[in-house]
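Peer 1:
Protein chains: 2
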Amino acid sequence: MASHAFDPTILPPAAPCPFCNIASAYASYDPSAPPAADSPVLDPENVSPLSFIVLSTPTLLAFLDILPLSRGHLLLCPRRHASKLTDVSASEAAELGAYLRILSKALVRTTGVADWNVVQNNGAAAAQVVDHVHYHLIPRPEIRASGKLRESFTMFGRGQREELDDDEAVELAARIRQNIQLVLDEEAGKGKL
Amino acid sequence: MASHAFDPTILPPAAPCPFCNIASAYASYDPSAPPAADSPVLDPENVSPLSFIVLSTPTLLAFLDILPLSRGHLLLCPRRHASKLTDVSASEAAELGAYLRILSKALVRTTGVADWNVVQNNGAAAAQVVDHVHYHLIPRPEIRASGKLRESFTMFGRGQREELDDDEAVELAARIRQNIQLVLDEEAGKGKL
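Chains A and B supply the protein sequences, listed in that same order. For the first sequence, UniProt numbering begins at 1 and goes up steadily by one. For the second sequence, UniProt numbering begins at 1 and goes up steadily by one.
Have a look at this one:
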């Protein structure tokens, strides 16, 4: 029975990084030719908690935030594990920057919301929760007329975030992937990408 | 006297964009060989309000926020006018992304503060104040131990921001430029940039 006794020297296994879990569950695909919405490649159940992928390249992943501040709240991260923005490579940093623009365009088209925040938190004092570097893209549907220089708003207010509805998320992610495809097609047509 | 009468059809001149003003007042320089701190190229009085430049390339500008949320609060923007992140070019977006990483490294070294936020606001509803796309880099010196999933913090709280002290700003900007130079030297040594 000794083998079942509590042994304080044995540590529990380290919690796996949730974004690395997502990265390992979703293969990359060409964002200008995304798989069909019902493809196993994009099945939300490939990982727990359910994940709703909008972008999966050899370098980057983007998916819906499971506790969105607003409809369309996205996360963009490198596939490779890195804690903070200072830990990514120069090319990952540039590619994150390039895709923030593409995702922003696709998100505005999908949601019809013209205003949004891009936020990237580094460390606990900066409200980073998942220790895998990521950018938030957060649509801001409330238009508050403001001529004021300084405006208060709560970034991560308790009670503001609601759990994602799974059926709506499947639909929303599909439309964002379609709009990413459209944006990339237009960029290619203009010779910009 | 008719010519001095109030004519409601004559609009006042459009306010010039403050970040375009800064762009036109500061020529670009090689960030891996910045000018001396007392060079006219970097004179804070080249424009009003005073500007404290930490980066000036043919494409990008970075300078101290004049109402910092914390010591070292920086702004990074494209030199060319664009309102929102969706209005920049693909190459500007990538270069912004690449320099967010470089500036983050230089800022952590300069301030000794390991945690920071990167924030980019698009539109009035998202608290964008200056209509020229820019990223904030905001050191977060308060370490608040947090095991909580959701944490409240005020992003742009009234009363949190203080005006920049000019003498301290000159010194701080010089040290950030030096650390950008060091970071770029190290990157070049590693063949990463």
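For glycine and all other residues, C-beta sits at the position ideal for the given N, C-alpha and C.
Can you pull the chain B neighbours of SER51 (chain A), defined as C-beta to C-beta under 9 Å?
Peer 2: Within chain B, no residue comes near SER51 (chain A); the closest Cβ sits about 17 Å away, beyond 9 Å.
Peer 1: Between ASP115 (chain B) and chain A, is there a C-beta pair that is closer than 8 Å?
Peer 2: So yes, ASP115 (chain B) belongs to the interface.
Peer 1: So who's on the other strand from ALA94 (chain B), going by DSSP bridges?
Peer 2: BP columns for ALA94 (chain B) are empty, so no partner.
Peer 1: Check the Cβ-Cβ distances between residue 197 (chain A) and every residue of chain B, and say whether any is below 8 Å.
Peer 2: Only positions 1 to 193 of chain A appear in this structure, which leaves residue 197 (chain A) out of reach.
Peer 1: Got a sec: is the Cβ-Cβ distance from LEU100 (chain A) to anything in chain B below 8 Å?
Peer 2: Yes, contact with chain B.
Peer 1: Shortest alpha-carbon distance to LEU76 (chain A) belongs to which of A:ILE53, A:SER24 and A:LEU172?
Peer 2: Closest option to LEU76 (chain A), Cα to Cα, is A:ILE53.
Peer 1: Using the C-alpha atoms, what's the distance from ASP38 (chain B) back to PRO31 (chain A)?
Peer 2: The alpha-carbon atoms of PRO31 (chain A) and ASP38 (chain B) are separated by roughly 49 Å.
Peer 1: Quick one: is the Cβ of ALA126 (chain B) within less than 7 Å of any heavy atom of the ligand ATP?
Peer 2: Looking for the ligand ATP in the displayed structure turns up nothing, as the structure carries no ligands at all.
Peer 1: In this structure, what does DSSP give as the bridge partners for SER56 (chain B)?
Peer 2: Per DSSP, B:LEU61.
Peer 1: Identify, in the order they occur along the chain, each residue of the same chain with its Cβ nearer than 6 Å to the Cβ of VAL119 (chain B), setting aside the five sequence neighbours on each side.
Peer 2: Same-chain partners within the cutoff: HIS136.
Peer 1: Would PRO139 (chain A) and GLY72 (chain A) be called neighbours here (beta carbons separated by less than 8 Å)?
Peer 2: Yes, these two residues count as a Cβ contact at 8 Å.
Peer 1: Excluding five sequence neighbours on each side, which residues of the same chain lie with their C-beta closer than 6 Å to the C-beta of SER83 (chain B)?
Peer 2: Here the set comprises ASP131.
Peer 1: Starting from VAL130 (chain B), follow the alpha helix (DSSP H) in both directions and report where the run begins and ends.
Peer 2: Element bounds for VAL130 (chain B): n/a, residue is neither H nor E.
Peer 1: Near TYR26 (chain B), what residues of its chain come up, given a Cβ to Cβ distance below 8 Å and the 5 sequence neighbours on each side ignored?
Peer 2: So the qualifying residues of the chain are VAL41, LEU42, ASN46, VAL47, SER51, ILE53, SER56 and LEU61.
Peer 1: For the alpha helix (DSSP H) holding GLU68 (chain A), just list the boundary residues, first then last.
Peer 2: According to the sequence displayed, residue 68 (chain A) carries Pro and not Glu. First-last for PRO68 (chain A): undefined, no H or E at that position.
Peer 1: Could you tell me whether the Cβ of SER104 (chain B) comes closer than 8 Å to any Cβ of chain A?
Peer 2: With 8 Å as the cut-off, SER104 (chain B) counts as an interface residue toward chain A.
Peer 1: Helix or strand or just coil, what does DSSP make of ILE10 (chain A)?
Peer 2: Looking at ILE10 (chain A) - three-state DSSP - the assignment turns out to be coil, as it is neither helix nor strand.
Peer 1: Using the three-state DSSP reduction, which class does VAL88 (chain B) fall into: helix, strand or coil?
Peer 2: Looking at VAL88 (chain B) - three-state DSSP - the assignment turns out to be coil, as it is neither helix nor strand.
Peer 1: Can you grab the Cα-Cα spacing for the pair ILE143 (chain A) / ALA33 (chain B), in whole Å?
Peer 2: Annotation note: pLDDT 48 at ILE143 (chain A) (below 50); position unreliable, coordinate value reported separately. About 44 Å.
Peer 1: Could you pull out every residue in the same chain whose Cβ sits closer than 7 Å to the Cβ of PHE19 (chain B), ignoring the five residues on either side in sequence?
Peer 2: Counting only Cβ-Cβ distances below 7 Å, and skipping sequence neighbours, we find CYS77, VAL130, HIS132 and HIS134.
Peer 1: Measure how close the beta-carbons of GLY97 (chain A) and LEU100 (chain B) come, nearest whole angstrom, since I'm counting them as under 8 Å.
Peer 2: Yes, they are in contact, since the Cβ atoms of GLY97 (chain A) and LEU100 (chain B) sit about 7 Å apart, within 8 Å.
Peer 1: Tell me whether LEU182 (chain A) sits in a helix, a strand or coil according to DSSP, three-state version.
Peer 2: Note: LEU182 (chain A) maps to helix in three-state DSSP.
Peer 1: Is it right to say PRO68 (chain A) is buried, meaning 16 or more other beta carbons lie within 10 angstroms of its own, or is it exposed?
Peer 2: Under this definition PRO68 (chain A) is a buried residue.
Peer 1: Excluding the 5 residues preceding and the 5 following CYS17 (chain A) in the sequence, name in chain order all residues of the same chain whose CB lies nearer than 8 Å to its CB.
Peer 2: So the list reads HIS81, VAL130, ASP131 and HIS132, once near-sequence residues are dropped.
Peer 1: For TYR29 (chain A), I'd like the list of residues in its chain whose CB is within less than 7 Å of its CB, leaving aside the five on either flank, ordered along the chain.
Peer 2: Taken in chain order, the residues that qualify are PRO35, VAL41 and SER56.
Peer 1: Closer than 6 Å by C-beta to VAL113 (chain B): which residues in its own chain qualify, once you throw out the five before and the five after it? Chain order, please.
Peer 2: Taken in chain order, the residues that qualify are PRO139 and PRO141.
Peer 1: Going by the DSSP bridge assignment, what does CYS77 (chain A) pair with across the sheet?
Peer 2: For CYS77 (chain A), which the question treats as bridged, DSSP gives the partners A:LEU61.
Peer 1: In the structure shown, what three-state DSSP assignment does LEU103 (chain A) receive?
Peer 2: It is helical.
Peer 1: Under the DSSP definition of a beta bridge, which residues are partnered with ASN122 (chain A)?
Peer 2: For ASN122 (chain A), which the question treats as bridged, DSSP gives the partners B:TRP116.
Peer 1: Please check if any C-beta of chain B sits within less than 8 Å of the C-beta of PHE19 (chain A).
Peer 2: So no, PHE19 (chain A) is outside the interface.
Peer 1: Thinking just about the alpha-carbon of each residue, which of A:LEU85, A:THR59 and A:PRO44 is nearest to the one in ASP65 (chain A)?
Peer 2: Measuring from the Cα of ASP65 (chain A), the nearest candidate turns out to be A:PRO44.
Peer 1: Counting only beta-carbon atoms, is THR86 (chain A) nearer than 8 Å to chain B?
Peer 2: Yes, its Cβ sits closer than 8 Å to a Cβ of chain B.
Peer 1: 8 Å is my cut-off, CB to CB: does GLY123 (chain B) come that close to chain A?
Peer 2: By this cut-off, GLY123 (chain B) is an interface position.
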